[in-house]
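Chemist: Before I ask anything, here is the structure I am working with.
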């Protein structure tokens, strides 16, 4: 009987410890919510760059040490990467608007968080010409949350 009581106490204590390990601290939760809000705000103006033809809006979404990992081309990294990508998307592809649909944000909100989602691209006639999925690693910088690694792929064959 003593063995059963000891096992029960150990089991309850173990369950208690495991539940504490899986619980986020309210402060970390607040930091993650802050990161989510910053990501949503950035995503809301991202495609304005293409609608207005203003690369500065686009460039400001990215960290200075970013890498854009577009499909079927080498990684574009560094401070000039966003401008290069903007020019190709705007002039060669004809991107004029789009939409991000965030499906999840992972992390603790301290230095990095990962955003997962879907995207849609529209031309000058507001016709969707491509869509796909993405993963973005966001980095907290002195200027706020910026895209550090931007990886995406099309659903088109």
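Residue numbers (the working numbering): 11 to 167.
Glycine is no exception: its CB is placed at the ideal position from the N, C-alpha and C atoms.
Keep in mind that this is a model prediction, so the values were computed, not measured.
#1: Select from 39, 63, 41, 72 the residue whose C-alpha is nearest the C-alpha of residue 53.
#2: Round the Cβ separation of residue 104 and residue 130 to the nearest angstrom and send it over; I've been treating them as touching at under 8 Å.
#3: Distance, Cα to Cα, residue 120 vs residue 42?
#4: On the DSSP bridge assignment, give the partners of residue 126 in chain order.
#5: Can you tell me whether residue 116 is buried or exposed, with buried defined as 16 or more other CB within 10 angstroms of its CB?
#6: Might you give, ordered along the chain, the residues of its own chain that have their beta carbon closer than 7 Å to the beta carbon of residue 89, omitting 5 neighbours on each side?
#7: Below 6 Å CB to CB, which residues in the same chain sit around residue 143 once its five sequence neighbours on both sides are set aside?
#8: Pick helix, strand or coil for residue 57, following the three-state DSSP scheme.
#9: On the three-state DSSP scale, how would you describe residue 102?
#10: Considering only the beta carbon of each residue, do residue 59 and residue 49 sit closer than 7 Å?
#11: Taking residue 79 as the reference, give the member of 165, 101, 147 with the closest Cα.
#12: How many whole angstroms separate the CB atoms of residue 76 and residue 140, which I take to be in contact at a CB cut-off of 8 Å?
Modeler: On the basis of the data shown:
#1: Numbered from its first residue, the chain shown carries residue 53 at position 43. Looking at the Cα atoms, 72 is the closest of the given residues.
#2: Within the chain shown, residue 104 is the residue found at index 94, counting from 1. Within the chain shown, residue 130 is the residue found at index 120, counting from 1. Rounded, the Cβ-Cβ distance is 14 Å, inconsistent with contact.
#3: Residue 120 sits at position 110 when you count from the first residue of the chain shown. Residue 42 sits at position 32 when you count from the first residue of the chain shown. Using only the alpha carbons, I get a separation of about 8 Å.
#4: As a working mapping, residue 126 is identified with position 116 in the chain shown. DSSP, once it has assigned bridges, lists 114, 145 as partnering residue 126.
#5: As a first step, residue 116 is located in the chain shown; it is residue number 106 there, counting from the start. Result: exposed.
#6: Within the chain shown, numbered from 1, the residue matching residue 89 stands at position 79. Hits under 7 Å: 74.
#7: Position 133 of the chain shown, counting from 1, holds the residue named residue 143. 128, listed in sequence order.
#8: Along the chain shown, one-based indexing puts residue 57 at 47. Of the three classes helix, strand and coil, the one that applies to residue 57 here is coil, per DSSP.
#9: Translated into positions along the chain shown, residue 102 becomes position 92. Residue 102 falls in the helix class under three-state DSSP.
#10: Position 49 of the chain shown, counted from the first residue, corresponds to residue 59. Position 39 of the chain shown, counted from the first residue, corresponds to residue 49. No.
#11: For this step, residue 79 is matched to residue 69 along the chain shown. Of 165, 101, 147, the smallest CA-CA separation from residue 79 is found for 147.
#12: Within the chain shown, numbered from 1, the residue matching residue 76 stands at position 66. Within the chain shown, numbered from 1, the residue matching residue 140 stands at position 130. Not really, about 22 Å apart at Cβ, beyond 8 Å.
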